[in-house]
Ligand SMILES: Cc1cc2nc3c(=O)[nH]c(=O)nc-3n(C[C@H](O)[C@H](O)[C@H](O)COP(=O)(O)O)c2cc1C
Ligand code: SF4
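Chains as they are written, first to last, in the numbering used here: chain B, 6 to 514; chain G, 5 to 168.
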């Protein structure tokens, strides 16, 4: 009987040596005359256990991890004889508590099989949402999305249904669906995981969006820092086209949708939707003043839906299982599930998908298991480089948009970056200003120049020159940036700076 | 010199082919610039007039786009590009020490190429590998949990030719 094994080919798994593990598995199995069937799946997002090897055994998937190449020979012996005896044995993967306790609506398929296999996708309820959508009118699809309560996952949490309604209602010759796959926030990787582990879900969501608003063209704007996602998406688009999910007659329905993958070029600001549109048009990524909203005059001046990867992916769940099903998850006005990304100095980092409402502490302590270094955690930055740094007194805040806004913080794209007690918060504040200076599109003076001044001021604070006066200046700068910036880059950079000042003032004096 | 001449002619042909492919593509300037850089290693200043002319833009506009994006370069990089993630998740795991180590070892700052032409060092802000920081990218391969010893080993593989 041959051994049927799975080794992920996801960026993080590869970065931890998954290809070496696969190569040694093949070599060692051949040396032992062991028949081996080695499949390359996507990751389940249990990154702390990568490379995570799975064995199909008596109808179950048994996990071992983290596996490195050196562990393979002994592991193969164990697999052929008594799997449970091996020290890396984790039991059935679906019963690992870290995974079992999650509510995986969007990431349920991640890691199950070959991400590019269309049959695999279809066998796991893939394209059910699209099939349902093809039987509905455009307005009925938009209604379902509105009723589901789905809000944008890119950061601003704008209701997806309202945006789609505007595009549906807007007159335009050529409407567009643009997927924002720029995922620039440090501490985030959920878009990447979805695109690498379950790319057809994104394609399906975009096709549904096209049907809903009457758009026949779509673009995925993917950051260039994701070479693996790029290869997978290119192949997925080609296969979807060959199987008539794209083209001018989707599955014989008479409806059409064309999709193109575009690469960013290393500019954080191109994640801002209007800068992204300028970039797609072949220009510098400059933020546009609103109005007009992209929904009315977006790409090439046409009505355009711009949605995050996870927003578009969630639409497939809404259309497959119904708006009420989706709406049943969540808390307050935050409906559905949030993909929390545990990152930075954390022992068990990875993707945790849960209904909104769990506390930050439960995520970091119960799932994360504390810091990687073993030292006490001191600060947690939630929501990317424009998000606040939170001290322990704030960690009981539930993960919900309104609850976070109430403490002057934001959930953003769900990135959670943990720092231990060696962190110097004045340095973190300085970095926030430095990052803004580097990535500002340059349109507003307070953002472009204020951030450069901010770095200088913080350098003097760190050097203990006139600390009180400099901190006064810093507060003024933050106020100016907040009031005089067109977008959240300049407008929210004061968040991490002020939170560092407020909660960690000892690091500044 | 004859070799350079042949090289530059081959380069011009490539650029012309890329222009032909993207000139009618809506918003085709970025894909065009990526294609030029992928095949020539950079976007030579000499390519700008042809690109501008074909797309109906001024040279200043094309130059403005090239200079706006961190990825595009006007001079070729070294044989390999090493990017160190400088963003928060990696900071939380010691990337400041890692970058200091690499700069000292290569004797260069960000944006520069080592004296032997082997490695160009760049800063990058997030590689999407934030659960297993610190991260570096060497050409198209991303590496996780990189400390000084690991990056030394990666660099040593380059000079001994063990890596592609
Ligand atoms: C500086 C800045 C960076 C942003 N980066 C991203 C990003 O990388 N990905 C994303 O989806 N949204 C990003 N956004 C939010 C987008 O502007 C926009 O709200 C989002 O793409 C809309 O899609 P959604 O409604 O599905 O979230 C960013 C916004 C700002 C101000
Ligand atoms: S705030 Fe900064 S990034 Fe945003 S538009 Fe103004 S200058 Fe550009």
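Yeah, the Cβ is synthetic: ideal placement off N, Cα and C, and Gly gets one too.
In its chain, beyond the 5 residues on either side, no residue has a beta carbon closer than 6 Å to the beta carbon of residue 481 of chain B. Residues of the same chain with a CB within less than 8 Å of the CB of residue 111 of chain B, apart from the 5 flanking positions on each side, are 199, 206, 315, 318, 319, 322, 342, 344 and 358 in chain order. Counting the other CB atoms within 10 Å of its CB gives residue 56 of chain B a total of 16 or more, which places it among the buried residues.
Residue 421 of chain B is not a Cβ neighbour of residue 497 of chain B, given a cutoff of 9 Å. Take the alpha-carbon of residue 170 of chain B and the one of residue 312 of chain B: they are about 13 Å apart. Residue nearest to residue 143 of chain G within the set B/20, B/138 and B/390 is B/20 (criterion: CA-CA distance). DSSP, reduced to helix, strand and coil, places residue 180 of chain B within a strand of the structure shown.
Using a C-beta cut-off of 8 Å, the region 209–219 of chain B makes contact with the region 136–150 of chain B, since at least three inter-stretch Cβ pairs fall below that distance.
Look at the region 326–359 of chain B: the residues with a C-beta under 9 Å from a C-beta of chain G are 346, 347, 348, 349, 350, 351, 353, 354, 355 and 356.
When distances are taken from the beta-carbon of residue 453 of chain B to the heavy atoms of ligand 2, the shortest one is below 8 Å. Here the C-alpha atom of residue 73 of chain B lies approximately 15 Å from the C-alpha atom of residue 15 of chain B. When the Cα atoms are used, residue 154 of chain B and residue 104 of chain G turn out to be separated by approximately 47 Å.
Between the C-alpha atoms of residue 310 of chain B and residue 262 of chain B there is a straight-line separation of about 14 Å. If you check each beta-carbon in the region 260–287 of chain B against every beta-carbon of chain G, the ones closer than 7 Å belong to 267, 268, 270, 271, 272, 273, 284, 285, 286 and 287. At a threshold of 8 Å, residue 89 of chain G does not count as near ligand 1, since its beta carbon sits no closer than that to any of the ligand's heavy atoms.
Sixteen is the threshold: when 16 or more other Cβ atoms of the shown chains lie within 10 Å of the Cβ of residue 393 of chain B, as they do, the residue is buried. Taking CB atoms only, residue 469 of chain B has no neighbour in chain G less than 9 Å away. Close partners of residue 423 of chain B in chain G (Cβ separation under 7 Å): 96.
Residue 361 of chain B sits in coil when the DSSP states are folded into three classes, being neither helix nor strand. Look at residue 36 of chain G: its beta carbon is at least 8 Å from all of the heavy atoms in ligand 2. Rounded to the nearest whole angstrom, the CA to CA distance from residue 98 of chain G to residue 80 of chain G is 30 Å. Burial of residue 438 of chain B is indicated by the presence of at least 16 other C-beta atoms within 10 angstroms of its C-beta. Beta-bridge partners of residue 499 of chain B (DSSP): none assigned. Per DSSP, residue 332 of chain B has no beta-bridge partner at all. Taking 8 Å as the cut-off between beta carbons, the residues of the region 10–38 of chain B near chain G are 16, 17, 19, 20 and 21, in sequence order. Judged by their CB atoms, residue 226 of chain B and residue 183 of chain B are nearer to each other than the 9 Å cut-off. With the criterion set as a beta carbon lying under 7 Å from some beta carbon of chain B, the members of the region 10–44 of chain G are 30, 31, 32, 33, 34, 35 and 38, in sequence order. Contact of residue 85 of chain G with chain B is not assigned, every C-beta pair being separated by 9 Å or more. If you ignore the 5 residues before and after residue 33 of chain G, its C-beta comes within less than 8 Å of the C-beta of 26, 55, 59, 61, 66 and 69, all in its own chain and listed in chain order. Look at the beta carbons and you see the region 120–138 of chain B not touching the region 301–310 of chain B: under three pairs across the two are nearer than 8 Å. Here the region 89–102 of chain B makes contact with the region 61–77 of chain B; the two share three or more CB pairs at distances below 8 Å. Shown here, residue 308 of chain B sits in coil according to DSSP, grouped into three states, outside any helix or strand. Contact of residue 290 of chain B with chain G by beta-carbon distance below 7 Å involves 72.
Those residues of the region 400–421 of chain B placed with their C-beta closer than 8 Å to a C-beta in chain G are 420, ordered along the chain. Listed along chain G, the residues sitting closer than 9 Å to residue 428 of chain B by beta-carbon distance are 95 and 96. Residue 106 of chain B carries a coil assignment under DSSP once its states are collapsed to helix, strand and coil.
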